[in-house]
Amino acid sequence: MTKMIKPHGGTLIERCLKKELPDMKDLQTYNIDSTLADDIVNIATGVYSPLTGFLNQNDLDAVLKTKRLADGTPWTIPILYDVDTSDVKSIKENDQIILYNEKYGLKALLEIQDIYKNNKKELAQVTYDTRDIQHPGVNNVFHMKDFLVGGEIIMITKKPQEFHQYYHTPKETRTVFKKKGWKKIIAFQTRNPPHLGHEYLQKTALTFADGLFINPIIGKKKIGDFRDNVILASYETLIQNYFIPERTMLSILRTSMKYAGPREAIHHAIMRKNYGCTHFIVGRDHAGVGNYYLPYASHDIFQEFPDLEITPMFFRSFYQCKKCGSIVNDKICPHEEKYHVYISGKKIRQYLQDKKIPPEDIMRKEVSETILGFKEPFVT
0 MTKMIKPHGG TLIERCLKKE LPDMKDLQTY NIDSTLADDI VNIATGVYSP LTGFLNQNDL
60 DAVLKTKRLA DGTPWTIPIL YDVDTSDVKS IKENDQIILY NEKYGLKALL EIQDIYKNNK
120 KELAQVTYDT RDIQHPGVNN VFHMKDFLVG GEIIMITKKP QEFHQYYHTP KETRTVFKKK
180 GWKKIIAFQT RNPPHLGHEY LQKTALTFAD GLFINPIIGK KKIGDFRDNV ILASYETLIQ
240 NYFIPERTML SILRTSMKYA GPREAIHHAI MRKNYGCTHF IVGRDHAGVG NYYLPYASHD
300 IFQEFPDLEI TPMFFRSFYQ CKKCGSIVND KICPHEEKYH VYISGKKIRQ YLQDKKIPPE
360 DIMRKEVSET ILGFKEPFVT
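Heads up, the sequence shown is in numbering that gives the first Met the number 0, so the first residue is 0 and it goes up one at a time.
Below, the structure is given as structure tokens:
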């Protein structure tokens with residue numbers, strides 16, 4: 000029997016406490032936003048394995064310089080807890096504090112290992128390859144607080160959130176994959192409803208696998224992005240009408256988009272490896288925004304990680320060829336560009352913003368109708 004792929008770092012991290020300990024009552028409590036709450040849940044449930052907490056200074060320095068943790072494990076996106084100067088005065092190394100988010104009903108214990116200055120310019124430049132404040136990730140960095148706290152966390156409480164029926168921990172997805180008998184599992188990252196190009200990627204990859212794991216990101220997005228409920232409803236429609244349900248699993252990932260291009264492509268692959276996936280689809284301009292990254296930079300970066308273990312599946316630009324009569328890419332279509340109809344996400348958005356159904360050679364009619372069934376499908 001083929002063994003399931005090991006979690007990143009070799010062990011699936013689980014840092015969940017079943018009940019609150021009596022000696023926690025006198026600890027200082029700090030409110031955190033939903034982005035940090037998502038990070039805590041992802042650490043505690045193993046999505047971010049092998050992380051056991053927020054990065055200390057040694058690990059952050061290593062991630063920025065080498066794209067690896069201090070012990071050499073591949074890791075590309077800093078997972079950080081930022082605090083104000085005023086907070087630093089009341090905490091010190093080896094202290095324990097409580098992190099709390101009311102919306103999530105989340106309470107977590109943080110054992111402080113390190114308190115250090117947040118070098119925002121370096122953090123932005125290295126992570127995003129730019130300091131341009133127009134880049135949403137850079138903008139987030141420059142709005143961070145001035146100090147960082149590293150240390151291990153233990154999640155004490157958390158209540159179910161919206162779309163809970165789509166939520167699965169890595170331990171749960173691995174159990175599902177085993178029950179289904181899936182050995183070769185393709186992960187597909189998305190933050191948009193599916194058009195025919197996405198369907199082409201998914202079905203092409205699924206042809207050579209046992210199962211497809213469609214894993215939309217749910218969380219903080221930029222203005223103009225599709226809303227979470229729209230993305231999920233549109234995928235439900237696509238799967239119901241055009242996929243074999245027994246070969247497909249739709250499950251959400253609660254985290255914020257960083258728009259870090261190639262670095263985020265590696266991060267996305269690592270998370271799907273922890274879920275138990277063996278392969279990860281990487282398309283053109285994966286996790287990019289604007290023109291900050293070369294179209295295939297997210298392909299090239301995988302050459303730096305021969306030890307990543309999850310296998311990337313690279314797909315180039317795709318388009319509808321009138322001569323071929325199907326969705327194709329430049330590796331399989333011999334015809335001139337005059338026959339090509341490119342699938343533009345911007346065009347699709349414009350149709351939908353105008354309350355019009357996009358042409359059926361770029362998006363399934365059923366999917367378009369599902370999206371238009373929402374009064375406001377976009378983040379405003």
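C-beta: ideal position from N, C-alpha, C; glycine also.
| Item | Value |
| --- | --- |
| C-alpha gap between isoleucine 222 and serine 255, whole angstroms | 13 Å |
| The region 204-216 in contact with the region 173-193 per 3-pair CB rule at 8 Å | yes |
| Proximity below 8 Å, CB of leucine 79 to CB of phenylalanine 53 | yes |
| Helix, strand or coil at serine 325 according to DSSP, with G and I counted as helix | strand |
| Enclosing beta strand (DSSP E) for isoleucine 155 [first to last residue] | 146-156 |
| Sequence ranges, beta strand (DSSP E) only - wholly within the region 208-266, length at least 3 | 210-217 and 247-249 |
| Distance between lysine 158 and alanine 107 (C-alpha atoms, nearest Å) | 13 Å |
| Phenylalanine 146: CB within 7 Å of a non-hydrogen atom of the ligand NAD | The ligand NAD is absent from the structure shown, which contains no ligands of any kind. |
| Histidine 278, DSSP secondary structure in three states | strand |
| Straight-line Cα distance separating proline 294 from methionine 312 | 15 Å |
| Within the region 328-361, ranges of the alpha helix (DSSP H) (whole runs, at least 4 residues) | 344-352 |
| Per-residue DSSP class, three states only, for threonine 172 | helix |
| Under the three-state DSSP convention, the category lysine 116 falls into | strand |
| Residue nearest to leucine 59 in terms of C-alpha spacing, selected from Leu50, Ile42, Pro77 and Ser48 | Pro77 |
| 8 Å Cβ cutoff met for valine 137 and aspartate 145 | no |
| Bridge-paired residues (DSSP) for isoleucine 184 | Gly210 |
| Sufficient close CB pairs (3 or more, under 8 Å) joining the region 252-268 to the region 69-76 | yes |
| Reduced DSSP secondary structure (H/G/I, E/B, other) of proline 135 | helix |
| Bridge-paired residues (DSSP) for leucine 108 | Ile97 and Ile153 |
| Selected residue, minimal CA-CA separation from glutamate 110, among Leu98, Lys24 and Phe314 | Leu98 |
| Beta-carbon proximity check, tyrosine 127 vs alanine 36, cutoff 8 Å | no |
| Helix, strand or coil at arginine 67 according to DSSP, with G and I counted as helix | strand |
| Cα-Cα separation between lysine 346 and lysine 17, rounded to whole angstroms | 49 Å |
| Terminal residues of the alpha helix (DSSP H) in which asparagine 290 lies | No alpha helix (DSSP H) contains asparagine 290, which DSSP labels as neither H nor E. |
| Contact between the region 333-340 and the region 314-325 (3+ Cβ pairs under 8 Å) | yes |
| Residue interval of the beta strand (DSSP E) (run including threonine 379) | That residue, threonine 379, is in no beta strand (DSSP E); it is neither H nor E in DSSP. |
| As assigned by DSSP and simplified to three states, the class of threonine 189 | strand |
| Under the three-state DSSP convention, the category aspartate 81 falls into | strand |
| Sequence-distant residues of the same chain with beta carbon closer than 6 Å to proline 6, five excluded per side | Ser48 and Asn273 |
| Spatial distance of isoleucine 114 from glycine 344 (CA atoms) | 43 Å |
| Span separating the alpha-carbon of serine 85 from that of leucine 252 | 33 Å |
| DSSP three-state assignment for tyrosine 295, whether helix, strand or coil | coil |
| Other residues of its chain near glutamate 13: CB distance less than 8 Å, five sequence neighbours each side excluded | Ala43, Thr44, Gly45 and Lys170 |
| Contact check, isoleucine 217 vs arginine 271, beta carbons under 8 Å | no |
| Neighbourhood of aspartate 227 by C-beta distance below 6 Å, restricted to the same chain and skipping five residues each side | Ile217 |
| Environment of phenylalanine 314 [buried if 16+ CB atoms lie within 10 Å] | buried |
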